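One structure below.
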Amino acid sequence: MIIVNTETVPGYPIREVKGLVQGNTIRAKHLGRDIMAGLKNLVGGELKGYTELLTEARREAMQRMIMQAQQLGANAIVNTRFTTSAVTQGAAELYAYGTAVVVDLQSAAPVQGDVDPFQPGVR
Numbered sequence: 007m008i009i010v011n012t013e014t015v016p017g018y019p020i021r022e023v024k025g026l027v028q029g030n031t032i033r034a035k036h037l038g039r040d041i042m043a044g045l046k047n048l049v050g051g052e053l054k055g056y057t058e059l060l061t062e063a064r065r066e067a068m069q070r071m072i073m074q075a076q077q078l079g080a081n082a083i084v085n086t087r088f089t090t091s092a093v094t095q096g097a098a099e100l101y102a103y104g105t106a107v108v109v110d111l112q113s114a115a116p117v118q119g120d121v122d123p124f125q126p127g128v129r
């Protein structure tokens, strides 16, 4: 699955738009992490427990979005976005969404200077 945060996949024509896809997860704070975060706030620094929690939540929301796109027959998701919101005190929702599309991999003509979606960071 190709996933980009742009309107198109550079060099790959969109043949069909399947529609909006989304994935979400709601995570609650862990008491142990909360105590450690409180201590860390006193001295400063990264709250690694929360970083890990949000990384896991982002991965899960993205997997759910990908599964929905695959069920629609898409091979790419464009305009991918993430958002978070507080649901209750101590719990947050991570929401991933984008547009599921079918790109023509056979007619691929990557433009010089564009990033290859199959090799992130490689030009």
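Take 7 as the starting number for the sequence shown in the numbering used here and just add one per residue. For glycine and all other residues, C-beta sits at the position ideal for the given N, C-alpha and C. These numbers were taken from a predicted model, which means no experiment stands behind them.
Q: May I ask you to verify whether the stretch 93-102 touches the stretch 12-22, counting CB pairs closer than 8 Å and requiring at least 3?
A: Touching, no.
Query - For Thr31, the first and last residue of its enclosing beta strand (DSSP E) - result: One-based indexing of the sequence shown puts residue 31 at position 25. Here the beta strand (DSSP E) through Thr31 covers 20-34.
Where Glu99 sits in the DSSP three-state scheme = Residue numbering aside, residue 99 sits at position 93 when the sequence shown is read from its first letter. In the structure shown, Glu99 sits in a strand (DSSP, three-state: E or B).
Q) What separation, rounded to the nearest whole angstrom, lies between the Cα atoms of Val23 and Lys35? A) What you label residue 23 is simply residue 17 of the sequence shown in a count that begins at 1. What you label residue 35 is simply residue 29 of the sequence shown in a count that begins at 1. When only Cα atoms are considered, Val23 and Lys35 end up about 38 Å apart.
Same chain, Cβ closer than 6 Å to Arg70, neighbours up to 5 away in sequence not counted = Here the question's residue 70 lines up with position 64 in the sequence shown. Closer than 6 Å at Cβ, skipping near neighbours: Gly29.
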